[in-house]
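Note sheet for the following structure.
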Amino acid sequence: MPDLFHRPRRLRKTENLRALVRETQLSPADFILPLFACPGEKVRREIPSMPGVHNLSVDEIAKEAAAAVELGVKGVILFGLPESKDETGSGAYHENGIVQQAVRAIRAATPELVIIADTCLCEYTSHGHCGVVRDGEVLNDPSLELLARTAVSQAQAGADVVAPSAMMDGQVGVIRDALDEAGFEQIGIMAYAVKYASGFYGPFREAADSAPAFGDRRGYQMDAANSREAMREAELDYAEGADILLVKPATCYLDIVKTLHEEFDLPIAAYHVSGEYAMIKAAAQNGWIDEERVMMETLTSIKRAGADMILTYYAREAIRRLSRN
Ligand code: PBG
594 MPDLFHRPRR LRKTENLRAL VRETQLSPAD FILPLFACPG EKVRREIPSM
644 PGVHNLSVDE IAKEAAAAVE LGVKGVILFG LPESKDETGS GAYHENGIVQ
694 QAVRAIRAAT PELVIIADTC LCEYTSHGHC GVVRDGEVLN DPSLELLART
744 AVSQAQAGAD VVAPSAMMDG QVGVIRDALD EAGFEQIGIM AYAVKYASGF
794 YGPFREAADS APAFGDRRGY QMDAANSREA MREAELDYAE GADILLVKPA
844 TCYLDIVKTL HEEFDLPIAA YHVSGEYAMI KAAAQNGWID EERVMMETLT
894 SIKRAGADMI LTYYAREAIR RLSRN
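Each residue of the sequence shown is one higher than the one before, starting from 594 at the first, in my numbering.
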């Protein structure tokens, strides 16, 4: 035996000791719950690949949000399935669009809840792309005006924060200008700064019926192989006036979350996306993993990497688990 034999196990001896030295603590205020608004009344349609997640009509989404607040959820992010889709995604910026209705209903039901509106066109366009399409190409600059209109109409409906996720160049700056011009200088922007072209969005596209009708999103979402480019994307959104920088998906990109947390002085969000949720659910349903344990381990790892907030379909389950501590 050496004279000084190191024994890190000393601090792992009991649960209380482990609690005292624990570096990362999850709290209910870490989570943002995604919700999907759909047309109709009294609709609660479970998404087959996302057990526990539903398409909700406006009346139901208000109830769901109120119940989430009761549990301790501080924020929600809203997506919409419009009545009908068209070439330019007009349902995204219609005064009475599905998300605009949902924002008003949730605001009325639970005034204090932070309401974030996802600002994109893909759920509303007939071709399923996140921008305007001409001759099979997703055009950048013509899409900006529509994204800005979407953000302003979401602010008009009462959203606290808009979250541009289309990955069009310049979208944050154009949206900031449009919001300011419309008198919404207090409305924040959570920028999907680093959004990768990912296979993990599969279940979401089923939930939001937003799979592209042709091609894919690699022409605007980022290549999974790149991290220096992620810095550049984040720098641009920072310069354009983003209030929060978001990385998506989360677990395969924890290195990016960590770098952004170290390099930027804005809050960092990470989106634990549909496929990441679905994989845990599926394995758990097969009895192959302990769902609660894997859920908490996953969310802890995202926070440990440097996320200040986590968008997750597990928000409620995680809060319930925390309340048993
Ligand atoms: C819209 C958008 C997507 C997600 C969030 N906003 C889908 C996509 O880019 O295809 C995915 C969220 C998830 O998978 O949970 N552009």
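Cβ atoms here follow ideal geometry from the backbone N, Cα and C, with glycine treated the same way.
Item	Value
Cβ neighbours of I709 in the same chain (closer than 8 angstroms, five flanking residues each side left out)	I625, G668, V669, I670, L671, A752, D753, V754, V755, A756 and M783
Beta carbon of A863 nearer than 8 angstroms to that of I895	yes
A771 beta carbon less than 8 angstroms from that of A744	yes
Whether R711 touches G781 by CB criterion (8 angstroms)	It is Asp, not Arg, that sits at residue 711 in the sequence shown. No; because the gap between Cβ atoms is not below 8 angstroms, this pair is not in contact.
DSSP-derived helix/strand/coil call for T852	helix
Whether M761 touches G724 by CB criterion (8 angstroms)	yes
Bridge partners - G668, DSSP secondary structure assignment	I625 and V707
Interface flag, L904 vs chain C, CB-CB below 8 angstroms	Included in the structure is just one protein chain, with no chain C present.
Where Q878 falls, given that 16 or more other Cβ within 10 Å makes a residue buried	exposed
DSSP beta-bridge partners of Y789	M815
Reference L628, options G645, L740 and A622, closest by Cα	G645
DSSP three-state assignment for V840, whether helix, strand or coil	strand
Beta-bridge partners of L649, as assigned by DSSP	A630 and R637
Cα-Cα separation, W881 to I873	10 angstroms
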